[in-house]
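As they're listed, the protein sequences go chains A and B. Residue 215, in the working numbering, is where the first sequence stops; the numbers in between run on with no holes. Residue 1215, in the working numbering, is where the second sequence stops; the numbers in between run on with no holes. By construction, the Cβ of each residue, glycine as well, lies at the ideal position given by its N, Cα and C atoms.
Protein chains: 2
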Amino acid sequence: MTISEENYIKVIYHLSQVSPKGVNTNAIAGMLDTKASSVTDMLKKLSDKDLVSYQKYQGVTLTENGFRSAKMIVRKHRLWEVFLVEKLGFAWDEVHDIAEELEHIKSETLINKLDEYLDFPAFDPHGDPIPDVNGVIKKVNKLLLSEVELRKEYQCVGVKHSSSEFLQYLDKQKIALGSKIIVKEKESFDDTLLVEVNSKEITISNKIANNLYVH
Amino acid sequence: MTISEENYIKVIYHLSQVSPKGVNTNAIAGMLDTKASSVTDMLKKLSDKDLVSYQKYQGVTLTENGFRSAKMIVRKHRLWEVFLVEKLGFAWDEVHDIAEELEHIKSETLINKLDEYLDFPAFDPHGDPIPDVNGVIKKVNKLLLSEVELRKEYQCVGVKHSSSEFLQYLDKQKIALGSKIIVKEKESFDDTLLVEVNSKEITISNKIANNLYVH
DNA sequence: ATAAAAATTTAGACAAAACTAAAAATAATA
DNA sequence: TATTATTTTTAGTTTTGTCTAAATTTTTAT
């Protein structure tokens, strides 16, 4: 697989989680910052290689092969992110682009040795699960902070989108994965939350609450 | 720079060490396993980018820019090799191809953090020097085992070519970088050496002696 | 010095992955 | 249902890096 093919497969994998019955050409184009016509070309090629099943105008799904490949790319991406944060001391908002390159390094042995070196982590620095050597993904029932019950204690376990701005906001508020969090009040007008983290009370917008997973 | 451009620059850098007054088109083609005509095309492009100075039929040399870039690629390659051996437990004959991919990862920050993580090594697992962040390379006056004086103690510091077969031969003979070595006798007929390593006497062919650096 | 050999470059072509513009199919709406 | 809007595909180009075959330059050898 070329780097380009891998990027398509990965994007189709992620989009499949939202639209399992078929991913749209335009959606793929949007994610890859390319044109719909380029996507069509690539889908034909991926279909010939039995990585996706594709019929004109109907969207694509991953085949067994494509699904396996996708999980291995995601595995690489997330393991490299752990390495960058845990070993090299990068901040969690700095690692995505570098991991985007590292995920295309070919060697199977490399990634399995890296996995071992990192002590077989199950989650990456953003709380996303890392497929193991067989592609098995650990499930956690997490919910968005915006959906939790009042006055109950939760723990931060992940972020929905890992944009730099959002992650840096969390850093500034000293909210990290593992932080205990309790929603004290919910403002019914704009869904702003009054929460307790690190024994301090802060207010959190609905937009933030909609992007933070707790457990 | 594209990956392909980087590979050309790196090869020109290595060949320049042997032919400093101009590297031949064919030599480059040989190293990259490509055709001379492809090399000519690329040399024009690299020349336009001021990475090499090139005039038809006269061979190429690196410009200041090209030289700096080349050293950074070599720096990346060798730092990754150290990482693979020291941290991930690869054998020294297994790391070349993987480092060949890793050397093209773009981030400056990444490589400097890796350098720090590895404790700023000056040499890679094969004894080759690693350019520092400013491109400065530590020189060591090393000589080939075939050129040393009899009965004097030397230390292995590097290999000339790091082919798997050669490295595995050294492993088998328990010769590692840092091993003390003394040449006891030299057979004048075929230049075979009788040497002492690890308090054991072994015979070493001229071909081996011509590929092992000592100090 | 000249012919033969080797090395290098040019010219033209190809595959991969992208693009633009136009055509076709599907979805949405009056 | 007919029409419009949106999405997707097709057709034809472009760029990058490669190739083959032919032409040119340089080197070697007679």
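Counting C-beta atoms within 10 angstroms of its own C-beta, residue 1098 (chain B) has 16 or more neighbours from the protein chains shown and is therefore classed as buried.
The CB of residue 105 (chain A) comes closer than 9 Å to the CB of 1098, 1101, 1102, 1105 in chain B, given here in chain order. As a beta-bridge residue in DSSP terms, residue 203 (chain A) pairs with A:194. Residue 17 (chain A) carries a helical assignment under DSSP once its states are collapsed to helix, strand and coil.
Interface with chain A (8 Å Cβ-Cβ cutoff): residue 1010 (chain B) is excluded. Taking the Cα of residue 63 (chain A) as reference, the smallest distance to any Cα among A:102, A:39, A:21 is reached at A:21. When DSSP states are grouped into helix, strand and coil, residue 66 (chain A) belongs to the helix group. By alpha-carbon distance to residue 200 (chain A), the top candidate from A:120, A:111, A:137, A:175 is A:175.
The three-state reading of DSSP puts residue 152 (chain A) in coil, since its state is none of H, G, I, E or B.
Here the stretch 128–137 of chain A does not lie against the stretch 185–203 of chain A, with fewer than 3 beta-carbon pairs under 8 Å apart. Along the stretch 107–127 of chain A, going in chain order, the ones with a CB nearer than 7 Å to a CB of chain B are 107, 110, 113, 114, 117.
With the criterion set as a beta carbon lying under 9 Å from some beta carbon of chain B, the members of the stretch 65–97 of chain A are 84, 87, 88, 89, 90, 94, 97, in sequence order. Spatial neighbours of residue 1110 (chain B) in its own chain (CB-CB distance under 6 Å, excluding positions within 5 residues in sequence) are not present. Across the structure, residue 1177 (chain B) and residue 1149 (chain B) are spaced so that their CA atoms are roughly 19 Å apart. If you check the CB distance, residue 1073 (chain B) and residue 1009 (chain B) come in under 8 Å. Taken in chain order, the complete beta strand (DSSP E) segments of 3 residues or longer contained in the stretch 1041–1085 of chain B are 1052–1054, 1060–1062.
Taking 8 Å as the cut-off, the beta carbon of residue 214 (chain A) is found no closer than this to the beta carbon of residue 195 (chain A).
Per DSSP, the continuous beta strand (DSSP E) segment holding residue 182 (chain A) begins and ends at 180–186. With respect to the 8 Å criterion, residue 1052 (chain B) and residue 1039 (chain B) are not classified as neighbours on the basis of their beta carbons. The C-alpha of residue 1146 (chain B) lies about 7 Å from the C-alpha of residue 1206 (chain B).
Per the coordinates, the alpha-carbon of residue 1119 (chain B) lies some 17 Å from the alpha-carbon of residue 1126 (chain B). Secondary structure of residue 95 (chain A) (DSSP, three-state): coil.
Among the bridge pairs identified by DSSP, residue 129 (chain A) is matched with A:123.
Minimum Cα-Cα distance from residue 113 (chain A) among the listed residues A:80, A:155, A:44 corresponds to A:80. Less than 8 Å divides the Cβ of residue 1078 (chain B) from the Cβ of residue 1128 (chain B).
Across the set B:1158, B:1096, B:1198, B:1192, the C-alpha of B:1198 shows the shortest separation from the C-alpha of residue 1173 (chain B).
Shown here, residue 177 (chain A) sits in coil according to DSSP, grouped into three states, outside any helix or strand. Rounded to the nearest whole angstrom, the C-alpha separation of residue 1012 (chain B) and residue 1084 (chain B) is 25 Å. Secondary-structure assignment with DSSP links residue 213 (chain A) through a beta bridge to A:144, A:158. Restricting attention to B:1210, B:1191, B:1124, the CA atom closest to the CA of residue 1166 (chain B) is found in B:1210. Within its own chain, the residues whose Cβ lies closer than 7 Å to the Cβ of residue 124 (chain A), once the five positions on either side in sequence are excluded, are 78, 81, 82, 130, listed in chain order.
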